[in-house]
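The structure appears right after this line, and notes come after that.
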Amino acid sequence: MTSIVKPSRLKRRKQQLKEMPAATGRGLDERLQLASPPARSFLNKVFPDHWSFLLGEIALWSFVVLLLTGTFLTLFFEPSMDEVTYQGSYTALQDVEMSAAYASTLNLSFDVRGGLFIRQMHHWAALLFIAAIVVHMLRIFFTGAFRKPRELNWIIGVALFWLAFLLGFTGYSLPDDALSGTGLRIGHAIMLAVPVIGTWLAYALFDGPFPGELIISRIYIVHVFILPLTVLGLITLHLIIMFKQKHTQWPGPGRTNRNVVGERFFPRYAAKQGAFFFIVFGAIALMGGLFQINPVWLFGPYKAAVVSVASQPDWYVLFLEGATRLFPAWETRFTLFGEHYTLPNAFWPAVLFPGIVAITMFAYPFIEARLRKDKGIHNLLERPRDVPKRTAFGAAALTFYVILTVSGANDVVAKVFDISLNAMTWIGRVGVILLPAVVYLATYRLCLGLQQHDREVLAHGIETGIIRRRPDGGFYEVHQPLGPTDERGRGGLEYTGWTVPKKMNRIGALAPAVRGFFVPLEKAAPSSPAPTRAALEEPGPNGERPSVEEASSDQKE
Amino acid sequence: MSAPTQRAETDLTRAGETGVDLSDPRLTRFDLVREGARRNGIEIVLYEPRFPVPGSRVERRLERVVALLFLIAGAAGLGFVIAYIWWPWEYEFGPDSLSKFYTPVLGVTLGVSLFAVALALVAWVKKLLPHEIAIEERHDGASSDDDRQLMEATLANAGQESGVSRRPLLKGALALGLAPVGLAVAAPLIGGLIRDPHRPMYDEVGVSRQFHTGFHPGLNGGRPVRLVREDGTPIRPEDVSVSGQITVFPGIPGGTTNEFADSPTLLIHLRQADADELRENLYELNQGSMLGNFVAYSKVCTHAGCPPSLYEQQTNRLLCPCHQSQFLITDNARPVFGPATRSLAMLPLDVDEEGYFVAASDYKVPVGPSFWER
Amino acid sequence: MLAGVLYTVFAPGLAAQDEPLSNDAQQGRAIYEQSCISCHGNNGQGVPGRGPSLIGVGEAAVEFQVSTGRMPLARQGAQAEPKPPVWRGEELERNVRYLSAYIDALGGGPRMPAGTDLGANGDPAVGGELYRINCSSCHGYSGGGGALSAGAFAPGLLDATDRQIWAAMLSGPQNMPVFGDNQLTPQEKADIIAFINTLSEDGDPGGVFNLGRFGPSTEGLAIFLVGIVGIVIATLWIAGKS
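Protein chains in written order, with this note's numbering: chain Y, 2 to 558; chain D, 834 to 1207; chain S, 25 to 266.
Dropping the structure here:
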């Protein structure tokens, strides 16, 4: 044993601790080659910076919140239709016979600490998830981000929309309360409305006639296992493709179809993503605590003879509900080889209509590419006004969707606004045909008008609002040209597909004088501070009058 | 150590166009970052710290703001935990109990905490981190010709080497063999789920559930089934008020439960004038189904299966709340508004020896929503 | 003359008029002849196109229609709307009592029990089951009311008194079916009233805002107006606008 002076054991430990992150990194790299260029390119990937690009992330983060809160709920929920007698704390349902599923939901809401809060967060997150998908889908649609090479991502996105729809439907049907049970009953009838195989389909899913004894546990497995796994897989694919193809961007300075201008993923963009997760989570927490949602204790357990006025499914199903309410009483009956057959009324609004909508949604990128005879790759977004036909079509489709959604709640509207229920049905029937046509025409003209205005500003400059008078007495407004003008004052700028500034403050005039929200971030720069009177009159050391600079108070930072 | 502003023109970065020697000791850390990005096809064109002079008042002010936000987050988070443990949460009847605020308090504390974290992070990124603009080249379109050629060859080779195309026997055997195996895998999953809707519902009753309800005498040993309330007690005619209605179920075991979800029935005691009008309008199918001024209609809507239970005593309409179908009670419950297309089925009524209502027979048509085989 | 005697003995209306009216009923008649006669006729037999017959409607109908202000009717419409009653407080109670006595004397009908706290001995859990089978289809799970066909509607129950609810069940006003004591026993009525009282008196454990207890329709509106709008405002702050 040599007697060299060794560093003390404590010092050695501290040194090892400090070096732990680096040592771990080295160890992982030796095993996984984490320092390779692909890993670095992941950190360095450039993302363009526009607020509308964050809408899809609302959906992503709400899905994460759904997984977290959902896991908590599965620890208490019993997906069983066995009859039990309620013995929990909610007095208005004491000793009532109900399914174990409903009883466990009541248990979660009243006898588990914080259970109601988590349940409400879960339901609000579900509504937010699908609302965000719709808003994100609209953004993609109206800016043309679904064009080649992103058709696959669009298809995955549409698939995610319908899967989220199913997730929501199965989710709110799990508690087996009277409201969602009525919805299941209607779902069963819709299955029956499928031609030829309808009864077989319904009997297969429900294991016999409605409601059977297995439907809740089957829906449970679909809701907590099959669908979340599929959605998770598709979201991962969606993000990988987006990463690989890089995000689209708006046209603008320095931006071409062949590059991405923005900031690198790490650290700025990743930090913003993290912050956004907290914003979405915070919003869900606030709503989950402040706004009551799905008060199943007021509905009672599902019984086939029980129903309520103002029964609606969750908002994302309302467009189908509205279609079903508005559809006229048409049913096809015929005899074939002596047997009677029926094509039920519910087939048209609840089977064929969503089928056509889904197929159109999936196929839209290819339809538009064919109509525009466009096979090129597009990485630059289009302003909605520059594609008037698509924008008008989208606006009309959105109007159609909104009218159907509101019609799904037409009895609530009738009650709140004192309108006859039958009148609401007719208003919906007429409106759903008429209004989209009107909106199409109006939006088309609006887009053309906006395009016209863009080119007018490019040619003639920004209206400054300053009015001058000519010697002959006529008034004219001074225009600020955006670029070089010819001898007649007309500009020669081309429209590049990006925002044309139309106000003086957009080109740098009238910038806010002082930065900062509540208080100024910094005092105003001492460009020419007013000299004080005393300082001006006080003679300098040599008797001469002080200079303006010397007389000014010292404002340097 | 400050990062360079704008395009800091050092000899080394200019040399970076052609290839930077990473072992050069004059390279700054940012030069390495820039070189790493360049090798990924990314050019950092602007990298500008917010505060060229470190330690300024503004910078320190902003740091304090971010720190304060994190502290608020922590305080609110702590508030959440404290409220979670100590705020009274157990359900109490009445609007004034403190426990009614348990969920809102949890929501507000958690929400504020999370928002504060988010605000702090965003303020940090937006106001403290350097501002940067980077440009990345896309590499869109098809892979290079070389790569395509190589990939084609690799894939085609496997296909050709396997010899399927020039070994027709194998090709045939493959198809014939794999298809049944696929079926074998799918069969239990699909087959296990299949239930025959036309199979007789019980051994004693030789008819399917799709076409008959719990009022079928076969379920009651051949005797007519009594109409009972939801608590199982049978009903006499005197128990229903004039202009009143009552929901009834088949008086068999499980008749009032969801096991017989297609059986709930609305028993209505009509006023004399209305009953007379109905009698005049009765379909041939429904002749004899009324008992005095009593009529019983199926409480399962023929549109989508909800109970059409909004009985409007004066307009004599039965409104279904789900899709607003309206059925005229004085005319065989035929639909007069809304998407329903078939009348509600009428249950033939009778009284037994003890004076209780019974169903003379099952419904004469299938109840509920239409289906293909109807 | 024989015909005249027989007529006098057997004609119902005249026989009723010949019986002496109690004091309350006389006061009731005075009110009736001032406020009700134009639509309901001389002897309560009704006027076609204006008002139905009141024979046999009983105290319950009077109690309900008058104390909720529906009667006297302001104008004809799809149905009578509740409005502030013509009389207030004690005067209202008295006049309801007088009118009830008169209408009861006129043609009989269901009578009201005494007392104001008619739900006191009711079991809300049993009442809830009865409510959901019989009442929720028109009045809603949360007692908020709902739309009926062609302009009619079932009113909300949360502001109704116990007596008004009892009276409505007994008399079946307008489109509401009749729930006589043979059909829903007084105990069952008390149970239902106890349940309705839990709906109006219990708070909402799920939050500060209950969104009107309308269900998914207002919840969907809230997620867009509050959730999406709020988060989009945040995105406008976080990311750039160009």
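Note that CB positions come from ideal geometry on N, CA and C, so glycine has one too.
Evaluate alanine 916/D with the Cβ neighbour count: other Cβ atoms within 10 Å of its Cβ, from every protein chain shown; 16 or more gives buried, anything less gives exposed. buried
Going by alpha carbons, who is nearest to alanine 171/S out of Ala60/Y, Val413/Y and Pro302/Y? Val413/Y
Cutting at 6 angstroms between CB atoms, please list the residues of its own chain near methionine 1123/D, excluding the five before and the five after it. none
Reduced DSSP secondary structure (H/G/I, E/B, other) of tyrosine 496/Y: In this structure, tyrosine 496/Y counts as coil in the three-state DSSP scheme.
Cβ contact check for the stretch 270 to 286 of chain Y and the stretch 246 to 256 of chain S: 3 or more pairs under 8 angstroms: The stretch 270 to 286 of chain Y, when compared against the stretch 246 to 256 of chain S, does touch it at the 8 angstroms Cβ threshold.
State the Cα-Cα distance for the pair threonine 106/Y and proline 329/Y, rounded to the nearest angstrom. The alpha-carbon atoms of threonine 106/Y and proline 329/Y are separated by roughly 38 angstroms.
Applying a beta-carbon distance threshold of less than 9 angstroms, which residues of chain S neighbour glutamate 1063/D? Neighbours of glutamate 1063/D on chain S, chain order: Glu153, Leu154 and Ile157.
Boundaries (first-last residue) of the alpha helix (DSSP H) holding leucine 234/S: According to the sequence as given, residue 234/S is asparagine; it is not leucine. Here asparagine 234/S belongs to no alpha helix (DSSP H), and DSSP marks it neither H nor E.
Taking only three categories from DSSP, how would you classify isoleucine 257/S? helix
Could you tell me the distance, in whole angstroms, from the CA atom of glycine 323/Y to the CA atom of proline 1086/D? 38 angstroms
Select from Ile966/D, Ile1027/D, Asn1053/D and Ser932/D the residue whose C-alpha is nearest the C-alpha of valine 1191/D. Asn1053/D
Cβ-based neighbour list, arginine 1032/D, same chain, cut-off 8 angstroms, excluding 5 preceding and 5 following: Ser1041
Under a three-way DSSP split, which group does aspartate 228/S fall into? coil
What residues are listed by DSSP as bridge partners for phenylalanine 177/S? Phenylalanine 177/S pairs with Ala171/S.
Do the CB positions of isoleucine 262/S and alanine 146/Y come within less than 8 angstroms of each other? no
Give the residues from the stretch 53 to 87 of chain Y that approach chain S closer than 8 angstroms (Cβ to any Cβ), ordered along the chain. Of all residues in the stretch 53 to 87 of chain Y, Ser53, Phe54, Leu55, Leu56 and Ile59 have a Cβ within less than 8 angstroms of some Cβ in chain S.
In chain Y, which residues lie with their C-beta within 9 angstroms of the C-beta of phenylalanine 233/S? Near phenylalanine 233/S (Cβ distances below 9 angstroms), the residues of chain Y are Leu291, Phe292 and Gln293.
Using a C-beta to C-beta distance shorter than 7 angstroms, which residues of chain Y count as neighbours of valine 250/S? Met288
Sorted by chain position, which residues of the same chain lie with C-beta nearer than 8 angstroms to valine 308/Y's C-beta, five sequence neighbours on each side aside? Ala179 and Thr183
Here's the rule: buried if 16 or more other CB atoms are within 10 angstroms of the residue's CB, otherwise exposed. What is aspartate 555/Y? For aspartate 555/Y, the pLDDT reaches just 47, beneath the cut-off of 50, and the residue's location in the model is therefore unreliable, although a value from the coordinates is still provided. Result: exposed.
Reference proline 49/Y, options Gly492/Y, Tyr103/Y, Leu442/Y and Phe266/Y, closest by Cα: Phe266/Y
Relative to the alpha-carbon of arginine 391/Y, which residue among Ile368/Y, Phe207/Y, Phe54/Y and Ala132/Y has its alpha-carbon at the smallest distance? Looking only at Ile368/Y, Phe207/Y, Phe54/Y and Ala132/Y, the smallest Cα-Cα distance to arginine 391/Y is reached by Ile368/Y.
So if I threshold CB-CB distances at 8 angstroms, which residues from the stretch 1119 to 1147 of chain D count as touching chain Y? Flagged, chain order: Lys1132, Val1133, His1136, Ala1137, Gly1138, Cys1139, Pro1140, Ser1142 and Leu1143.
Do you know whose CA, among Leu161/Y, Gly158/Y and Leu185/Y, lies nearest threonine 171/Y's CA? Measuring from the Cα of threonine 171/Y, the nearest candidate turns out to be Leu185/Y.
Whole-angstrom distance between threonine 1174/D and tryptophan 331/Y, CA atom to CA atom: 7 angstroms
Consult DSSP for arginine 140/Y and reduce its assignment to one of helix, strand or coil. Arginine 140/Y falls in the helix class under three-state DSSP.
CB-CB length for valine 1075/D against arginine 1104/D, believed under 8 angstroms: 6 angstroms
How would you list, in chain order, the residues of chain D whose beta-carbon sits under 7 angstroms from the beta-carbon of glutamate 225/S? Gly927 and Pro928
Between phenylalanine 913/D and histidine 1136/D, what straight-line distance do the alpha-carbon atoms span, to the nearest angstrom? 49 angstroms
What do you reckon, are the CB atoms on leucine 228/Y and leucine 168/Y nearer than 8 angstroms? yes
Residues of the stretch 48 to 75 of chain S with a CB closer than 7 angstroms to any CB of chain D: list them in chain order, please. Flagged: no residues at all.
Do leucine 321/Y and proline 355/Y count as a contact pair if the criterion is CB distance below 8 angstroms? yes
In the DSSP output, what is valine 250/S paired with across the bridge? None; valine 250/S has no bridge partner.
Partners in chain Y for glycine 254/S, counting only beta-carbon separations shorter than 7 angstroms: Per Cβ cutoff of 7 angstroms: Ala284.
8 angstroms Cβ cutoff, alanine 85/S in contact with chain D: no
When you compare the stretch 881 to 893 of chain D with the stretch 183 to 196 of chain S, are there three or more beta-carbon pairs, one atom per stretch, that lie closer than 8 angstroms? no
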